[in-house]
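Data block below; observations after.
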Amino acid sequence: MHVPIRMPGHWFDELATGGGSVEAIGFLAQGERSRRLLLIGELLDRLEERPTLLGPADLGAVWRTVEEAEARKPGSAEELLTGPEVGSWLAHTLRRLHGTSVGPPLWVDTGHLAAVAVVAALRAGTAADLVVPAREGAVPLPTLGLARLPGSPLLGFQPVRARVREGELHLAATVRGTGAIALTVRPLTAPRSAVWWPTHRLPVRPGGPEVSLDDTDPYRDLDRPIPPRLLTRRELATWTRLFTEAVALLDADPAPVPAPGSGPDPAPGSSATPASGPDLTTGTGSTRVSGGSGTRPGTLRPEEIRRIVPWPGRLPNGPVEGLSASTADAFGSMVVAEPPNAAALAETMVHEFQHSKLGALLHLFAMLDDDRTEEHYAPWRPDPRHLPGLLHGAYAFVGVAGFWRDRIGDRTADPLDLAPFRFALRRIQTRTVLRTLATRATLTGPGRRLVAGLTRTVDGWVREPVDGAVVARARAAAAGHRAEWRLRHLRCVEEERAGLAAAVRSGAPLPPPRRPRLLPAAERTHWQDVRGALYLRPDTVDAADAVPDRDPDRAPDPPSLPADVLLVQGEAASAREAYRERWSATPGDPHLLAGWLLAHTALHPGHRRLLARPERFAAAVEGEGPEVWERAAYRLAAPGHPA
Numbered sequence: 003m004h005v006p007i008r009m010p011g012h013w014f015d016e017l018a019t020g021g022g023s024v025e026a027i028g029f030l031a032q033g034e035r036s037r038r039l040l041l042i043g044e045l046l047d048r049l050e051e052r053p054t055l056l057g058p059a060d061l062g063a064v065w066r067t068v069e070e071a072e073a074r075k076p077g078s079a080e081e082l083l084t085g086p087e088v089g090s091w092l093a094h095t096l097r098r099l100h101g102t103s104v105g106p107p108l109w110v111d112t113g114h115l116a117a118v119a120v121v122a123a124l125r126a127g128t129a130a131d132l133v134v135p136a137r138e139g140a141v142p143l144p145t146l147g148l149a150r151l152p153g154s155p156l157l158g159f160q161p162v163r164a165r166v167r168e169g170e171l172h173l174a175a176t177v178r179g180t181g182a183i184a185l186t187v188r189p190l191t192a193p194r195s196a197v198w199w200p201t202h203r204l205p206v207r208p209g210g211p212e213v214s215l216d217d218t219d220p221y222r223d224l225d226r227p228i229p230p231r232l233l234t235r236r237e238l239a240t241w242t243r244l245f246t247e248a249v250a251l252l253d254a255d256p257a258p259v260p261a262p263g264s265g266p267d268p269a270p271g272s273s274a275t276p277a278s279g280p281d282l283t284t285g286t287g288s289t290r291v292s293g294g295s296g297t298r299p300g301t302l303r304p305e306e307i308r309r310i311v312p313w314p315g316r317l318p319n320g321p322v323e324g325l326s327a328s329t330a331d332a333f334g335s336m337v338v339a340e341p342p343n344a345a346a347l348a349e350t351m352v353h354e355f356q357h358s359k360l361g362a363l364l365h366l367f368a369m370l371d372d373d374r375t376e377e378h379y380a381p382w383r384p385d386p387r388h389l390p391g392l393l394h395g396a397y398a399f400v401g402v403a404g405f406w407r408d409r410i411g412d413r414t415a416d417p418l419d420l421a422p423f424r425f426a427l428r429r430i431q432t433r434t435v436l437r438t439l440a441t442r443a444t445l446t447g448p449g450r451r452l453v454a455g456l457t458r459t460v461d462g463w464v465r466e467p468v469d470g471a472v473v474a475r476a477r478a479a480a481a482g483h484r485a486e487w488r489l490r491h492l493r494c495v496e497e498e499r500a501g502l503a504a505a506v507r508s509g510a511p512l513p514p515p516r517r518p519r520l521l522p523a524a525e526r527t528h529w530q531d532v533r534g535a536l537y538l539r540p541d542t543v544d545a546a547d548a549v550p551d552r553d554p555d556r557a558p559d560p561p562s563l564p565a566d567v568l569l570v571q572g573e574a575a576s577a578r579e580a581y582r583e584r585w586s587a588t589p590g591d592p593h594l595l596a597g598w599l600l601a602h603t604a605l606h607p608g609h610r611r612l613l614a615r616p617e618r619f620a621a622a623v624e625g626e627g628p629e630v631w632e633r634a635a636y637r638l639a640a641p642g643h644p645a
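Under the working numbering, the letters of the sequence shown match residues 3 to 645, in that order.
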């Protein structure tokens with residue numbers, strides 16, 4: 003008998019603020035458990051219908067092994083089946099069976115179920131005799147590590163006999179003549195060796211839960227299987243230190259943030275009674291439950307993280323520092339590039355767990371209807387996004403904003419006093435996206451309730467006092483990213499472009515604004531907001547130190563221009579002239595045009611309407627030199643001209 007899952011309204015409302023109590027997040031975990039068991043049932047049904055999909059493995063023997071393990075040690079097999087390691091593999095394998103993904107021979111993906119059963123037997127102390135797939139002579143054991151048969155390596159994918167007795171695993175090749183030698187190991191206790199690579203463990207607290215640091219599982223990435231990428235001793239030591247420091251930072255009570263008010267009102271239509279008392283406020287209160295267990299956005303109990311995967315490679319367009327990702331298939335798991343410090347790791351953990359929370363909510367509630375057309379502005383990305391991506395981004399960055407809000411004044415966690423800027427920037431950007439969702443998305447009832455809750459949280463934060471100079475820098479950074487994004491991705495329609503050009507050249511009436519068209523993906527180029535990064539610490543860069551050459555063949559981290567440095571340091575007149583001069587060397591560069599507009603509007607605040615539709619300005623001056631830019635700016639910013 004199936005019992006429907008019903009979430010209490012007050013737990014939904016807690017999560018809709020961007021935070022969530024232990025109980026609310028526990029409910030999400032239970033929902034993920036139910037979904038996972040249903041997906042495992044779907045896989046078993048398909049394998050029963052077509053046993054040959056498992057290759058040499060026997061489904062009956064595999065599943066009996068899992069059942070015997072659960073019977074011997076209740077909860078052990080279920081914990082394994084509901085973990086992120088199994089979730090990532092299961093989702094990939096079901097996509098293979100549905101024909102929407104690719105990978106190794108299908109029996110290798112489906113046969114990984116036998117490796118899961120072997121781990122269940124090892125953890126429960128039961129026996130098993132199964133056939134498991136080996137990849138280049140290595141057998142991955144989810145949550146435990148990677149076992150490698152010594153001797154001449156097995157090439158490609160081969161079946162291996164796995165025998166488990168009282169915690170001991172014996173592996174032997176089923177193919178003769180390879181030279182591979184049988185291996186016997188005790189995976190639960192064996193130290194690292196040439197033939198056994200155990201999964202690294204990061205203790206949350208002494209004697210308490212641990213987070214796996216996974217560098218071997220083939221399904222640890224977001225989609226396709228990948229080979230192991232072993233951490234060096236230095237990398238492992240760095241990860242261990244940063245994680246320990248990040249946990250201490252997340253567990254510490256933040257410095258109180260003084261603010262008026264007592265938190266947001268309950269969501270419209272909510273039948274639940276909002277929690278009372280300062281410890282459960284989520285918007286403008288300043289008290290948090292000790293140990294990071296409060297409901298406020300930006301808080302995180304580190305033990306809610308299940309797995310961290312060090313980013314397994316590099317990106318074609320640049321370094322991976324600061325990058326992270328997660329998937330709704332693996333609740334509590336995240337792929338993270340090695341961060342520069344503990345605060346960056348703690349911020350990333352908050353960010354990615356926000357994605358896990360929303361992913362779990364989306365498995366329970368439909369939030370919006372969308373065709374996933376990527377055409378919307380996301381302030382934290384260089385490319386257009388679809389509405390589901392905006393919702394995920396808004397939820398994640400509410401958490402990030404809350405994290406930095408709680409660090410304001412905490413010189414231990416934020417010795418350079420950067421938290422006020424980061425909080426101010428993220429609240430501006432998130433508010434922009436929430437406005438897009440409220441006006442452009444077709445939201446369901448739960449979707450409206452979620453967006454309303456997030457909006458109340460951010461609106462409460464916008465009213466909180468932050469140093470005026472910091473807020474000005476945050477606004478400038480946000481405006482600069484948006485202006486350059488629009489110049490790079492949007493074009494006025496042909497009729498409007500012709501009218502704008504005529505208006506500037508001959509004084510003809512300005513055409514009314516029309517919906518711009520999105521530049522096709524094939525015509526876009528990768529870009530980084532190098533100017534925006536300067537606003538974080540403008541006092542540490544000198545215009546004389548900036549590199550003027552923007553060589554696309556250089557790597558990945560494009561240099562700043564002297565004009566950018568002048569702009570962020572408040573020298574708007576000099577910056578405007580520097581952008582003009584640079585135009586002759588690289589005409590048509592959207593970075594230069596956006597910079598000139600930012601400098602011009604800093605000098606002429608009444609012209610800030612130009613930043614709302616900078617693509618109109620670009621169309622008006624297309625083919626003209628910088629000598630007409632100021633005249634065009636006055637023309638387009640004239641009173642009464644529709645922005």
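Glycine is no exception: its CB is placed at the ideal position from the N, C-alpha and C atoms.
Residue 158 and residue 138 have their C-alpha atoms spaced approximately 5 angstroms apart. Counting only residues of its own chain and dropping the five nearest sequence neighbours on each side, residue 433 has a CB closer than 7 angstroms to the CB of 460, 464.
If you draw a straight line from the Cα of residue 539 to the Cα of residue 372, it comes to about 39 angstroms. Restricting attention to 409, 383, 444, the CA atom closest to the CA of residue 369 is found in 444. The three-state reading of DSSP puts residue 313 in coil, since its state is none of H, G, I, E or B.
Remark: C-beta atoms of residue 149 and residue 113 do not approach each other more closely than 8 angstroms. Judged by beta-carbon spacing, residue 601 lies within the 8 angstroms limit of residue 577, meaning their Cβ atoms are closer than that value. Per the DSSP secondary-structure output, residue 444 pairs in a beta bridge with 371. Separation of residue 586 and residue 297 (C-alpha to C-alpha, rounded to the nearest whole angstrom) is 54 angstroms. Assigned with DSSP and collapsed to three states, residue 178 falls in coil, not helix or strand.
Between the segment 203 to 214 and the segment 177 to 185 there are fewer than three inter-stretch CB-CB distances shorter than 8 angstroms, so the stretches are not counted as touching. With respect to the 8 angstroms criterion, residue 161 and residue 57 are classified as neighbours on the basis of their beta carbons. With a contact defined as Cβ atoms closer than 8 angstroms, residue 333 and residue 31 qualify at about 7 angstroms. Going by DSSP, residue 131 is part of the beta strand (DSSP E) stretching over 130 to 137. For residue 520, DSSP records a beta bridge to 492. Minimum Cα-Cα distance from residue 404 among the listed residues 387, 366, 427, 385 corresponds to 427. The beta carbon of residue 331 is closer than 6 angstroms to those of 89, 90, 93 in its chain, skipping five residues each way along the sequence. By the criterion of a C-beta distance shorter than 7 angstroms, residue 575 is surrounded in its chain by 605, once the five residues flanking it on both sides are discounted. Per DSSP, the continuous alpha helix (DSSP H) segment holding residue 394 begins and ends at 389 to 409. The DSSP-derived three-state label of residue 41 is helix. Distance from the CA of residue 429 to the CA of residue 14, rounded to the nearest whole angstrom, comes to 22 angstroms.
By the beta-carbon neighbour count (other beta carbons within 10 angstroms, threshold 16), residue 7 is exposed. Straight-line spacing of the CA atoms in residue 367 and residue 84 works out to 20 angstroms. With a contact defined as Cβ atoms closer than 8 angstroms, residue 70 and residue 128 qualify at about 5 angstroms. At a Cβ-Cβ threshold of 8 angstroms, residue 634 and residue 619 count as neighbours. For residue 236, the enclosing alpha helix (DSSP H) stretches over residues 235 to 253.
Take the alpha-carbon of residue 336 and the one of residue 329: they are about 8 angstroms apart. If you draw a straight line from the Cα of residue 34 to the Cα of residue 42, it is about 12 angstroms long. Here residue 164 really is in contact with residue 120; their C-beta atoms are around 5 angstroms apart, less than 8 angstroms. Distance from the CA of residue 224 to the CA of residue 29, rounded to the nearest whole angstrom, comes to 24 angstroms. Here residue 394 is buried: its Cβ has 16 or more other Cβ atoms, across all protein chains shown, within 10 Å.
Counting every other CB atom within 10 Å of its CB across the protein chains shown gives residue 354 a total of 16 or more, marking it as buried.
If you draw a straight line from the Cα of residue 451 to the Cα of residue 341, it comes to about 35 angstroms. Judged by DSSP secondary structure, residue 383 falls outside any alpha helix (DSSP H); it is assigned neither H nor E.
Among the bridge pairs identified by DSSP, residue 159 is matched with 137. For residue 198, the enclosing beta strand (DSSP E) stretches over residues 198 to 200.
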